[in-house]
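Residue numbers (this note's numbering): 7 to 243. These notes are about the structure you will find just below.
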Amino acid sequence: MDTKKEQKGWTNDELEASVDAYLSIQARYPNDEKFNKSAEHKLLQSGALANRNSKSIDYRLQNLSALFDELGLKTIVHYKPKVNIGSGIAARLTKILESKGLLTPSYDLPSAEGDIQNRYVKQAKTQDFVSEPDDDETPQQGVTITRYFVRNSKIKGWILDNANGICEACDQPGPFEMDGKPYLEVHHVKHLAHHGKDRKNNTIALCPNCHRRCHHSSDREEFTDSLYKKVKRLKRQ
Ligand SMILES: [Zn+2]
Ligand SMILES: [Zn+2]
7 MDTKKEQKGW
17 TNDELEASVD
27 AYLSIQARYP
37 NDEKFNKSAE
47 HKLLQSGALA
57 NRNSKSIDYR
67 LQNLSALFDE
77 LGLKTIVHYK
87 PKVNIGSGIA
97 ARLTKILESK
107 GLLTPSYDLP
117 SAEGDIQNRY
127 VKQAKTQDFV
137 SEPDDDETPQ
147 QGVTITRYFV
157 RNSKIKGWIL
167 DNANGICEAC
177 DQPGPFEMDG
187 KPYLEVHHVK
197 HLAHHGKDRK
207 NNTIALCPNC
217 HRRCHHSSDR
227 EEFTDSLYKK
237 VKRLKRQ
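Written out as structure tokens, the structure reads:
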């Protein structure tokens, strides 16, 4: 039953609050434990979703289950995927997930990766990279408008930390500073789009020149071969 205010379209803030709630529930109940839905919805209603009733919050979170499922992300089993998300809403939700660094378009272009990495560097400050992260499973992927890979930002953090501002190909510091460190980009030696894995042994920190060389130069194959020889951590996949 829609009330007047329920009929208004969802704002980006409202959608983002739903995504945040979904991720937060997942983080708190990682093994599909039962939780108090109405308490969660009330919490949302006390903030960004003050204009939404519990039923429409429930519906939106079910939408998110459908989207997460489609993208190959883990879903909350207690929100059954409601598939009839409007395409506009799906696109906006996908953008929000992307902005949170959970997704990145599968085309493995330096510019795209650079973007993601910058975003990552900002998040990195709040994370703890003292311990070496475990290698992750094959990046999950799903299909919507384009294919997406879910990246493990801990791997990127570790790679950048480990490189400490020095390009692992040419041994020169990044060409300029960002957040107090020479700027480097993270490259998947076997591209994710070619089913490369998001693992430390397939990931390298490069200056923008070496990164472009990997993707676009006429000697990109030989150059990539030389990386496998130079950086002992790398393993062919
Ligand atoms: Zn370099
Ligand atoms: Zn790359």
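Heads up, the beta-carbon is just placed ideally off N, CA and C, and yes, glycines get one too.
Note to self: Nearer than 7 angstroms: is that true of the beta carbon of Asn170 relative to any heavy atom of ligand 1?
What the structure shows: no
Notebook entry, point to check: Between Gly180 and Asp167, what straight-line distance do the alpha-carbon atoms span, to the nearest angstrom?
Noted result: 13 angstroms
Next item on the list: Report back the beta-carbon spacing between Ile31 and Glu20 to the nearest angstrom; my notes put them in contact at under 8 angstroms.
Entry: So it is not a contact: roughly 17 angstroms between Cβ atoms.
Next item on the list: Output the boundary residues of the beta strand (DSSP E) element that contains Thr209.
Entry: Boundaries of the beta strand (DSSP E) harbouring Thr209: 209-212, taken from the DSSP string.
Next item on the list: Leaving aside the five residues before and after Gly120 along the sequence, list all residues of the same chain whose C-beta is less than 6 angstroms from its C-beta, in chain order.
Entry: Bear in mind that the predicted position of Gly120 carries a pLDDT of just 38, short of 50, making it unreliable; the figure below should be weighed with that in mind. Hits under 6 angstroms: Glu191.
Notebook entry, point to check: In chain order, what are the residues with a CB under 6 angstroms from some non-hydrogen atom of ligand 1?
Noted result: This criterion selects Cys173, Ala175, Cys176, Gln178, Leu212, Cys213, Asn215, Cys216.
Next item on the list: Closer than 7 angstroms by C-beta to Val237: which residues in its own chain qualify, once you throw out the five before and the five after it? Chain order, please.
Entry: Glu174, Ile210
Notebook entry, point to check: Where does Ile172 sit, in a helix, a strand or coil, going by DSSP?
Noted result: strand
Check: Buried or exposed: where does Lys160 fall if 16 or more other Cβ atoms within 10 Å of its Cβ makes it buried?
Finding: buried
Margin query: I'd like the list of long-range same chain contacts for Ile102, defined as Cβ closer than 8 angstroms, with 5 residues on each side in sequence excluded.
Written below: Asn18, Leu21, Glu22, Val25
Next item on the list: Buried or exposed for Val195, please, with buried defined as at least 16 other CB atoms from any protein chain shown within 10 angstroms of its CB.
Entry: buried
Checklist line | Asn170, buried or exposed, once every other Cβ within 10 Å from all chains shown has been counted against 16 | finding: exposed
Checklist line | Contact belief for Leu240 with Asn215 at Cβ below 8 angstroms, rounded distance in angstroms | finding: With 8 angstroms as the limit, Leu240 and Asn215 do not qualify as a contact, their Cβ atoms being about 19 angstroms apart.
Notebook entry, point to check: Quick one: what's got a C-beta closer than 8 angstroms to Thr132's C-beta in the same chain, skipping five residues either side?
Noted result: Low local confidence applies: a pLDDT of 36 at Thr132 is under 50, so the model's placement there is unreliable, with the coordinate-based value given in what follows. None.
Margin query: Rounded to the nearest angstrom, what separates Asn90 and Ala96 at their Cα positions?
Written below: If you draw a straight line from the Cα of Asn90 to the Cα of Ala96, it is about 10 angstroms long.
Item checked: Between the CA atoms of Asn42 and Ser52 - distance to the nearest angstrom -> Straight-line measurement puts the Cα of Asn42 at about 16 angstroms from the Cα of Ser52.
Checklist line | According to DSSP, residues forming a beta bridge with Pro181 | finding: Pro181 pairs with nothing; no bridge assigned.
Check: Just to confirm, does His221 get its C-beta within under 7 angstroms of one of the non-hydrogen atoms of ligand 2?
Finding: yes
Check: DSSP on Val192, reduced to helix/strand/coil?
Finding: strand
Item checked: Cα-Cα separation, Arg66 to Val83 -> 14 angstroms
Checklist line | Three-state secondary structure (DSSP) of Asn18 | finding: In the three-state scheme derived from DSSP, where H, G and I count as helix and E and B as strand, Asn18 is classed as helix.
Next item on the list: Quickly, what does DSSP pair Lys187 with across the bridge? List them, please.
Entry: Its beta-bridge partners are Met184.
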